[in-house]
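Undergrad: I'd like to ask some things about the structure below.
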Amino acid sequence: MEQNSAESKHTPSCENQQYIETPVGLRKLSDDTMDKDFSGFRDIHGNMRRLINIERELRYMKVVMSSLMDKQDRLITDLKSRSAEYEKVSAINQELKEEI
26 MEQNSAESKH
36 TPSCENQQYI
46 ETPVGLRKLS
56 DDTMDKDFSG
66 FRDIHGNMRR
76 LINIERELRY
86 MKVVMSSLMD
96 KQDRLITDLK
106 SRSAEYEKVS
116 AINQELKEEI
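Going by my numbering, the letters in the sequence shown line up with residues 26 to 125, in that order.
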């Protein structure tokens with residue numbers, strides 16, 4: 026019998042009674058609280074979900090930006106190398122023109 030009373034404390038016993046889930050657990054709605062708006066609790070979970078999604082997007086964007094910056098650095102290094110090579114070729118061409 027004690028087990029049954031312990032179970033009834035944690036689970037709603039009557040199906041016609043209304044319960045809502047709050048951040049601290051289940052809450053039984055009485056006649057005076059049934060008319061109150063408890064949607065704020067749902068909004069908190071929705072906001073948390075949105076914040077978690079935004080945090081994931083920010084982490085992803087940081088990775089993407091880091092990758093783009095690395096690629097930009099590689100391209101700039103390659104461009105500087107090619108530019109130096111072209112300057113050497115241009116100097117050689119200029120010398121050849123002067124010899125002709």
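Positions of the beta carbon are idealized from the N, C-alpha and C atoms, including for glycine.
#1: My output table needs one value for residue 148: the three-state DSSP class, helix, strand or coil.
#2: Going straight from the alpha carbon of residue 124 to that of residue 106, what length do you get?
#3: Given this structure, state the Cα-to-Cα distance separating residue 88 from residue 112, to the nearest angstrom.
#4: Please list, in chain order, all residues of the same chain as residue 85 whose beta carbon is under 8 Å from its beta carbon, the five residues on each side excluded.
#5: Helix, strand or coil for residue 125, going by three-state DSSP, please let me know.
TA: Quick look at the numbers:
#1: Outside the shown range of the chain, which is 26 to 125, sits residue 148, and nothing can be said about it.
#2: For this step, residue 124 is matched to residue 99 along the sequence shown. For this step, residue 106 is matched to residue 81 along the sequence shown. Cα to Cα, residue 124 sits roughly 27 Å from residue 106.
#3: As a position in the sequence shown, residue 88 is number 63, starting the count at 1. As a position in the sequence shown, residue 112 is number 87, starting the count at 1. Distance between the alpha carbons of residue 88 and residue 112: 36 Å.
#4: Numbered from 1 along the sequence shown, position 60 holds the residue referred to as residue 85. None.
#5: The sequence position of residue 125 within the sequence shown is 100, counting from 1. Here residue 125 sits in coil by DSSP.
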